[in-house]
Every structure is written in C-alpha cells, then in structure tokens.
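See structure below.
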Amino acid sequence: MNSEEIMSLALKLAELRQVPEDSAIYTIGDNLRKILFGIDAGVPELLLAKQLGYDAVIAHHPQGGTAQINFHLVFKRQVQQMIEAGVPRKEAESAIRKKFDDLEVEDHTRNYGHAVDVAKILKMPYMNIHTPLDEVGRRIMVEQIKTHVEKDATVGDVVAALNELPEFKNAVTKIKIRLGKVENPAGKVAVSHGAGTNGGYEIAKTYFKYGIDTLAYIHVGVGDLARLKAEQLTGNLIVTGHMASDSVGINPFLRELENRGVSVTTIGVVSGRA
Ligand SMILES: [Zn+2]
Numbered sequence: 065m066n067s068e069e070i071m072s073l074a075l076k077l078a079e080l081r082q083v084p085e086d087s088a089i090y091t092i093g094d095n096l097r098k099i100l101f102g103i104d105a106g107v108p109e110l111l112l113a114k115q116l117g118y119d120a121v122i123a124h125h126p127q128g129g130t131a132q133i134n135f136h137l138v139f140k141r142q143v144q145q146m147i148e149a150g151v152p153r154k155e156a157e158s159a160i161r162k163k164f165d166d167l168e169v170e171d172h173t174r175n176y177g178h179a180v181d182v183a184k185i186l187k188m189p190y191m192n193i194h195t196p197l198d199e200v201g202r203r204i205m206v207e208q209i210k211t212h213v214e215k216d217a218t219v220g221d222v223v224a225a226l227n228e229l230p231e232f233k234n235a236v237t238k239i240k241i242r243l244g245k246v247e248n249p250a251g252k253v254a255v256s257h258g259a260g261t262n263g264g265y266e267i268a269k270t271y272f273k274y275g276i277d278t279l280a281y282i283h284v285g286v287g288d289l290a291r292l293k294a295e296q297l298t299g300n301l302i303v304t305g306h307m308a309s310d311s312v313g314i315n316p317f318l319r320e321l322e323n324r325g326v327s328v329t330t331i332g333v334v335s336g337r338a
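Okay, so the sequence shown: first residue is 65 according to our numbering, each after it adds one.
Okay, here's the thing in structure tokens:
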C-alpha cells in the first residue's frame with residue numbers, strides 16, 4: 065500500500081469524503097509493508113523506525129504541518145454532534161466558540177516543521193490519522209450503548225456496556241463517572257468524541273441543558289471538571305479514558321491494514337483482542 069491508499073482506507077472506515085484538517089501525509093511512501101504505529105509518534109519513533117527497518121511511521125495525534133496548525137477546525141464537528149443530540153444549532157455554535165478560539169491560538173504556537181523535517185532527513189514515510197479513527201471509535205461506542213443498554217438503565221449499566229469492549233477491558237485505566245452517581249438513571253445518552261478534543265465545560269453543560277442526561281467524554285480537563293462540579297448540574301459525565309478510547313477506533317483500522325498484508329507494530333495502543 066502507499067500513503068494515500070492508507071489514508072483512503074481510514075476515510076472509508078469512517079465514512080468521510082475528505083481528509084480532515086487534523087490528519088495529513090507528511091512524507092509520502094510506496095510499497096509500505098512494515099509499519100510502526102504510535103498514538104503519539106514523533107522524532108524518537110521516527111528514529112526507532114529507521115533503526116529497526118520499518119517502511120513508515122503512522123501517528124494518531126497530529127505531529128506537524130497543517131494537521132497541527134489547522135487542528136482547531138475539526139472542533140467544529142462538535143456542532144453537528146450536538147445538533148444530532150437535540151441541541152439547537154445556534155446554541156451549539158455558541159457553545160464551541162470560546163474553546164475553538166483558544167485552540168486556534170494554541171495551534172498557532174506549534175513547532176509544526178520539527179518532526180516533519182526529521183522524517184524528510186531520514187526519508188521515512190510519515191503521516192497521521194486522527195479524526196477518521198476517532199470517528200470509527202465514536203460509532204463503535206454509540207453502537208455498543210445502543211445495543212447493550214436498556215431504556216431504564218443506570219449510569220453504571222452504560223459503563224458496564226462500554227466495559228464489554230475489549231479495549232476498556234484491557235486498559236490500565238478504568239472508566240470513571242466524573243459527575244453523577246453509578247445508580248442514577250442513564251436517561252438519554254450521548255457520546256462526544258471524534259471532534260479533535262473534548263468539549264470541556266461549555267459543551268457538556270449545553271448537552272445537559274438540552275436533554276442529555278448522560279454524556280461520555282474520552283477525557284476532560286481538570287479546570288473544566290471543577291467548573292462542572294461547582295455548578296451542581298443534574299447530568300452525568302462518564303470519562304472513558306484517553307488511550308483506551310483512541311484504541312477503540314485505531315484497532316479496526318489496523319486489522320484492515322493487516323488484512324491487506326501490512327504488518328503493524330504498535331506503540332501505546334491498547335489491545336483490542338478479547
Ligand atoms: Zn487522542
């Protein structure tokens with residue numbers, strides 16, 4: 065496979081038509097048979113790949129170029145997810161504004177050429193695939209809840225359903241209920257994932273305001289959580305764990321690569337084997 069075929073495969077699995085702004089091919093390669101895949105894969109992993117004779121390095125998180133500088137643009141995907149959960153468009157758009165602007169300011173500071181230049185010097189094919197794989201993971205989690213959680217379920221039942229996915233079983237981290245209680249009725253559940261990063265305080269609050277009783281994030285900031293707790297909101301917030309949740313979307317993609325004769329070594333990916 066070449067770099068573009070690998071990217072296309074990820075898009076196909078996520079049912080996306082275009083490469084999202086947080087994903088990119090940095091240096092192209094052809095006939096890639098032996099791949100080093102890291103949730104984070106920068107300069108050390110590029111050197112390791114060179115030393116051990118890999119054909120390419122694929123990172124999950126953005127490592128440079130436009131994928132870092134334009135990362136904030138995928139945060140707009142939060143709006144569509146909120147609309148699907150019943151939030152009015154105007155409210156959804158205003159809920160993302162502050163964090164979207166903050167992300168743009170942060171993205172602007174990045175050393176976007178660093179790892180990319182190292183890959184060029186090493187002549188190592190290098191790319192990152194972020195949102196497509198998170199979208200795959202989001203769909204799996206949504207489907208798992210849909211098929212395993214009854215109408216009168218509790219928050220604990222939602223956690224138990226997610227725990228049946230092998231990545232959550234195998235992870236060192238456990239799924240946490242950061243707001244609310246295990247015995248609370250789960251009510252209407254939404255999974256917020258696959259939009260760059262978590263929605264923080266504002267987006268969680270907006271989901272709760274518009275009828276979501278239980279929201280799942282894959283991670284949340286300390287400050288955002290403190291603000292949510294201080295408001296004593298009635299919603300429940302489940303935090304599923306960053307590496308475990310990223311792995312839920314990564315593993316189906318890696319299986320597809322392996323089905324096409326590509327061998328993959330992973331760094332930081334939680335096993336998806338039952
Ligand atoms: Zn991640």
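The C-beta atom is built at its ideal place from N, Cα and C for all residues, glycine as well.
Proximity of residue i and residue j at Cβ, strictly below 8 Å
i      : j      : result
His125 : Ile89  : no
Thr278 : Leu226 : no
Leu110 : Val182 : yes
Ala131 : Ser87  : yes
Pro316 : Leu80  : no
Asn192 : Gln127 : yes
Tyr176 : Ile133 : yes
Gly93  : Ser67  : yes
Leu100 : Thr329 : yes
Asn300 : Val219 : yes
Leu112 : His136 : no
Cβ-heavy atom distance, residue i to ligand 3, below 7 Å
i      : result
Leu279 : Ligand 3 is not part of the structure shown, which contains ligand 1 as its ligands.
Residue i: CB within 7 Å of a non-hydrogen atom of ligand 1
i      : result
His124 : yes
Asp310 : yes
His306 : yes
Residues near residue i by beta carbon distance below 7 Å, same chain, minus five either side
i      : result
Ser309 : Gly201, His257, Ile282
Ile59  : Nothing in the structure corresponds to residue 59, since the chain is present only between 65 and 338.
Thr343 : With the chain covering 65 to 338 only, the question about residue 343 has no answer from this structure.
Ile289 : Reading off the sequence, residue 289 comes out as Leu, not Ile. Cβ neighbours of Leu289 beyond the five flanking positions: Arg242.
Ala74  : Ile193, Pro196, Leu197, Phe317
Met65  : Leu96, Arg324, Val326
Val114 : Checking the sequence, you will find Lys at residue 114 rather than Val. Within the same chain, Lys114 has close Cβ partners Leu186, Met188.
Same chain only: Cβ atoms within 6 Å of residue i, ignoring 5 sequence neighbours per side
i      : result
Val206 : Val255
Ile276 : Ala149, Lys252, Ala254
Ala105 : Val121, Ala123
Pro344 : The question about residue 344 has no answer, for the chain in this structure spans 65 to 338.
His306 : Ile282, His283
Arg174 : Gln132
Gly263 : Gln142, Ser256
Rounded Cβ spacing between residue i and residue j (contact assumed at less than 8 Å)
i      : j      : result
Val121 : Thr195 : The Cβ separation is near 19 Å, so there is no contact.
Pro230 : Ser335 : 7 Å
Val284 : Ala250 : Not confirmed; about 18 Å, so no contact.
Gly332 : Asp198 : Gly332 to Asp198, Cβ: 15 Å. No contact.
Tyr265 : Arg291 : 5 Å
Tyr274 : Val151 : 4 Å
Ile241 : Val223 : 7 Å
Ala179 : Val236 : Incorrect: roughly 27 Å between the Cβ atoms, too far for contact.
Tyr118 : Lys140 : With a Cβ gap of about 34 Å, Tyr118 and Lys140 do not count as contacting.
Residues near residue i in its chain [Cβ-Cβ closer than 8 Å; skip 5 each side]
i      : result
Arg337 : Pro230, Asn234
Ile267 : Gln142, Met146, Ala159, Ile160, Lys163, Ser256
Lys245 : Val219, Asn300
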